[in-house]
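S.K.:
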Amino acid sequence: MRELTDFNLVPADNGGAATLAFSGPMTVASLGAADTRLRNLSDSFNEIDISGVTRIDTVGAWTVWRLSRDHDAKITGCSDEAQKLVDAISKADSNAEDVRAPRLPLLTRVPAHVGEVMIDLGRGMLQVVGFLGQIILSAGTLIRHPGRFRMKALVHQMELVGVNSLAIIGLMSFLVGIVIAQQGAVQLRQFGAEIYIVNLVGRLTLRELGVLMTAIMVAGRSGSAFAAQLGTMKLTEEVDAMRTIGVSPMESLVLPRILATMIMMPLLGFYSAFVGIVGGAFLSSITLGIPFFTFLARIQEVVPLHDVWVGVTKAPVFGLIVALAGCYQGMQVKNNAEEVGARTTAAVVMAIFTVIVLDAFFAVFFTNIGWG
Amino acid sequence: MSEGEFPIRVRGVRNVFGSHVIHDGLDLDVRKGEILGVVGGSGTGKSVLMRTIIGLQIPDAGEVEVLGDTITDARDDADIDIRSRWGVLFQGGALFSTLTVAENVEVPLREFFPEITDELRHEIARYKVLLSGLPAEATAKYPSELSGGMKKRAGLARALALDPELLFLDEPTAGLDPIGAAAFDQLILNLQQTLDLTVFLITHDLDTLYEICDRVAVIADRKVIAVGTIPELLALDHPWIQEYFNGPRGRAAQDSQVRHDAVKAQISGETISNDTPSRAGPDEA
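Sequence order for the protein chains is A and B.
When you line the first sequence up against our numbering, it's residues 2 to 373, in that order.
When you line the second sequence up against our numbering, it's residues -14 to 270, in that order.
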């Protein structure tokens, strides 16, 4: 057990004010408990005696100095070392105000926070629209100066977004195909209509699930990566460095990512739908007795071509949203590392939420134009 | 050897990164109460040596003893006791970016001495910040709102939070303007004298070496090739040492130190005989 600081009040002989006498070590490790008692001390004293102190550091010196300042007491019994420390502290402390980070009471803090969130939300909406405008403008510039287009960056991003995610999207789609076929079969069997499993799997994956699941996967894989990459580049001033060299971050960072996602999304969506159908066919051949190739052949008959177009039309829009959310949030990072994390989360949430909302609108829209 | 005399003892340390040997058989003793400057060319492993001493880098061979405890075979939790007895200032300050300056200083206090009341902890953080030469307003600021020099001072305040016996400084004056660097040198010297610190100081700044270092250790050829006061080092004829201290920049720092001492001596009333330095200029280069 370590030694602790101790003190006691010694009343003066002549009935005057008392002396506060310290003993033991007065260091950061020993002062914790004594400090609490000292702060509750109500008696007055006009002398602080530290001749009984065995060891003192700046925390001890601060405590002594604070007491002498607040109680207008004089310090006695200082060793040379203690004197040196007390002098250093008193020099630093004098005429410096105590500044603390302002902290509002709870009742004010909560509404204030809610208000801030709402204002940020509104401002964020405007900024996203502004960001989209910037992208369109720099895309316009690129069309006029095609030489400045970053083909290498685009291809690299296409590889990251598209090729590298083939395995995970394939596996996910295959499993989703199996689940639809299996669950669908359970229901359809009640009507003896198992053969409609082909319609169910084919239309559902091509119209909806292929693209939607892919968008969610790409948001999690690439949208978050965009936000984290660009955010870190903002923090380390790489983006500023680019600007000073005359390289537009919009052209070299944002546009390749957005274009790459918009190009890869239809391909990935179609691929996902295809693997989903294969998954359905695989399960049907095992449990329903529909031969694998018969299943695939039936797909051609029961799935109208416009189902493919529905999926393929939605895909680039979803790609735009995912990449836009990632790049926008990444470019908003400033100050500190915590914000990179917060912005990355925001990018993924924003992307997935918007994609699902838009998908609902698309569903109504395509049905109404007769592609039901 | 007793712990009292040499708070840091490094014996036969070998650090290898891939096929690149940084240190091989490196020995170093740091005396209690001194400011030891560590110099060496870029890439000679000054920072790696510091990281080895404070246990962030485990050497491939050799032994490091800090304040009587062997760092090299200590586990993380076992050497916690020593961690509260040293302070480290990293090159960029390494402040926690999500905390204010005061909260940064409070982190080690909270970690090692949770029994300290919030009130006292805040007061400690505040006077440490003031001792480091920052204005009181800086306590409530976030690191991103501070200039480079202020970040270093805030980093120093955090390094001093627990009243350490040992202070490790990695290029404290790098990136500061000459006035700021000189002020930082004086700050380190004052704190070292007031708080009886032993300081391990990595630097490229020749003025810092002349101004505040008691001894200088030179790292070259994968080991510490010499330790001593600057005059002692100047007497050696190792090519790197000669080039370092007698190159144009070394000369300039040396001359300014001589002038500085002369002024100090005059102020203090002592007469100086005849040799006002007149060696400036590249005549011998």
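By construction, the Cβ of each residue, glycine as well, lies at the ideal position given by its N, Cα and C atoms.
Please report how far the alpha carbon of residue 314 (chain A) lies from the alpha carbon of residue 267 (chain A), in whole angstroms.
M.R.: Straight-line Cα distance between these residues: approximately 8 Å.
S.K.: Distance, Cα to Cα, residue 7 (chain B) vs residue 232 (chain A)?
M.R.: The straight-line gap from Cα to Cα measures roughly 34 Å.
S.K.: Among the residues of its own chain, which have a CB less than 8 Å from the CB of residue 161 (chain A), if the five just before and after it don't count?
M.R.: The residues are 223, 226, 261.
S.K.: For a contact defined as C-beta to C-beta under 8 Å, what are the partners of residue 67 (chain A) on chain B?
M.R.: 108, listed in chain order.
S.K.: Spell out whether any CB of chain A is found under 7 Å from the CB atom of residue 222 (chain B).
M.R.: No, residue 222 (chain B) lies away from the interface with chain A (no Cβ there is under 7 Å from its Cβ).
S.K.: For the segment 142 to 155 of chain B, which residues have a CB atom closer than 7 Å to at least one CB atom of chain A, in sequence order?
M.R.: So the list reads 147, 148, given in the order they occur along the chain.
S.K.: DSSP state of residue 17 (chain B), grouped into three classes?
M.R.: If DSSP states are grouped into helix, strand and coil, residue 17 (chain B) belongs with coil.
S.K.: Between residue 166 (chain A) and residue 243 (chain A), which are expected to be in contact by the criterion C-beta below 8 Å, what is the C-beta distance as a whole number of angstroms?
M.R.: Not a contact, Cβ separation roughly 27 Å.
S.K.: Could you check the C-alpha separation between residue 143 (chain A) and residue 259 (chain A) for me, to the nearest Å?
M.R.: Spanning the two alpha carbons is a distance of roughly 14 Å.
S.K.: Distance check for residue 61 (chain A) and residue 221 (chain B), CA to CA, integer angstroms please.
M.R.: Cα to Cα, residue 221 (chain B) sits roughly 46 Å from residue 61 (chain A).
S.K.: In the DSSP assignment, find the unbroken alpha helix (DSSP H) run with residue 297 (chain A) in it and report its ends.
M.R.: Per DSSP, residue 297 (chain A) belongs to the alpha helix (DSSP H) from 293 to 303.
S.K.: Specify the secondary structure class of residue 260 (chain B) as computed by DSSP and reduced to three states.
M.R.: Summary for residue 260 (chain B): the model assigns pLDDT 46, below 50, so the residue's position carries little reliability; its value from the coordinates is reported in the next sentence. Coil at residue 260 (chain B), not helix or strand.
S.K.: Are residue -1 (chain B) and residue 30 (chain B) touching if we call contact CB-CB under 7 Å?
M.R.: Result no, Cβ atoms of residue -1 (chain B) and residue 30 (chain B) do not sit closer than 7 Å.
S.K.: How far does the beta strand (DSSP E) with residue 72 (chain B) in it reach, from first residue to last?
M.R.: Per DSSP, residue 72 (chain B) belongs to the beta strand (DSSP E) from 71 to 74.
S.K.: Buried or exposed for residue 277 (chain B), going by 16 or more other Cβ atoms inside 10 Å?
M.R.: It is not possible to answer for residue 277 (chain B), since the shown part of chain B is limited to -14 through 270.
S.K.: Keeping to the same chain, check which residues put their C-beta closer than 6 Å to that of residue 1 (chain A); ignore five residues upstream and five downstream.
M.R.: Chain A is shown from 2 up to 373; residue 1 (chain A) falls before or after that span and cannot be answered.
S.K.: Tell me which same chain residues have a C-beta within less than 7 Å of the C-beta of residue 257 (chain A), skipping the five on either side of it?
M.R.: Once the five neighbours on either side are set aside, the close Cβ partners of residue 257 (chain A) are 151, 154, 155, 158.
S.K.: Which residues in the same chain as residue 374 (chain A) place their Cβ atom closer than 7 Å to its Cβ, once the five residues preceding and following it in sequence are excluded?
M.R.: Only positions 2 to 373 of chain A appear in the structure, and residue 374 (chain A) is not among them; the question remains open.
S.K.: Taking all protein chains shown into account, decide if residue 252 (chain A) is buried (16 or more other Cβ within 10 angstroms of its Cβ) or exposed.
M.R.: Under this definition residue 252 (chain A) is a buried residue.
S.K.: Would you decide whether residue 373 (chain A) is buried or exposed? Buried here means 16 or more other CB atoms lie within 10 Å of its CB.
M.R.: Exposed, since its Cβ has fewer than 16 Cβ neighbours within 10 Å.
S.K.: Could you tell me whether the Cβ atoms of residue 284 (chain A) and residue 188 (chain A) are closer together than 7 Å?
M.R.: Against a cut-off of 7 Å, the Cβ pair of residue 188 (chain A) and residue 284 (chain A) comes out as no contact.
S.K.: Taking only beta-carbon atoms, is residue 230 (chain B) less than 7 Å away from chain A?
M.R.: Answer no: the Cβ-Cβ gap between residue 230 (chain B) and chain A never drops below 7 Å.
S.K.: Taking the beta carbon of residue 52 (chain A) as the centre, do at least 16 other beta carbons fall within 10 Å, making it buried, or is it exposed?
M.R.: Answer is exposed; the Cβ neighbour count stays below 16.
S.K.: What three-state label does DSSP hand residue 39 (chain B) in the structure shown?
M.R.: It is coil, neither helix nor strand.
S.K.: Going by DSSP in three states, residue 334 (chain A) sits in which element: helix, strand or coil?
M.R.: It is coil, neither helix nor strand.
S.K.: To the nearest angstrom, how far is the alpha carbon of residue 78 (chain B) from that of residue 139 (chain B)?
M.R.: Rounded to whole angstroms, residue 78 (chain B) to residue 139 (chain B) spans 7 Å at the Cα level.
S.K.: Does the pairing of the segment 173 to 190 of chain B with the segment 15 to 33 of chain B give three or more beta-carbon distances under 8 Å?
M.R.: Touching, per the Cβ criterion.
S.K.: Confirm, please, whether the CB-CB distance from residue 121 (chain A) to residue 112 (chain B) is below 7 Å.
M.R.: No; because the gap between Cβ atoms is not below 7 Å, this pair is not in contact.
S.K.: Would you say residue 256 (chain B) lies against chain A (beta-carbon separation less than 7 Å)?
M.R.: Because the pLDDT of residue 256 (chain B) is 46, which lies under 50, any placement of that residue in the model is unreliable, and the question is left without a value.
S.K.: Do you know how far the Cα of residue 129 (chain B) is from the Cα of residue 3 (chain B)?
M.R.: Roughly 36 Å between the two C-alpha positions.
S.K.: Using a beta-carbon distance cut-off of less than 7 Å, what residues from the segment 335 to 356 of chain A approach chain B?
M.R.: Within the segment 335 to 356 of chain A, the qualifying residues are 336, 337, 338, 339.
S.K.: Closer than 7 Å, CB to CB, is residue 264 (chain B) near chain A or not?
M.R.: At residue 264 (chain B) the pLDDT is 42, less than 50, meaning the model places this residue with poor confidence; the figure from the coordinates comes in the next sentence. No, residue 264 (chain B) lies away from the interface with chain A (no Cβ there is under 7 Å from its Cβ).
S.K.: Name, going along the chain, the residues of the segment 71 to 92 of chain A whose beta-carbon falls closer than 8 Å to a beta-carbon of chain B.
M.R.: Hits within the stretch, in order: 82, 85, 86, 89, 90.
S.K.: I want to know whether the segment 138 to 155 of chain B touches the segment 189 to 204 of chain B - three or more CB-CB distances under 8 Å.
M.R.: The segment 138 to 155 of chain B, when compared against the segment 189 to 204 of chain B, does not touch it at the 8 Å Cβ threshold.
S.K.: Which residues in the same chain as residue 18 (chain A) place their Cβ atom closer than 7 Å to its Cβ, once the five residues preceding and following it in sequence are excluded?
M.R.: Excluding sequence neighbours, residue 18 (chain A) sits near 45, 46, 47.
S.K.: Would you say residue 31 (chain A) and residue 7 (chain A) are within 7 Å of each other, going by their C-beta atoms?
M.R.: Cβ atoms of residue 31 (chain A) and residue 7 (chain A): not closer than 7 Å.
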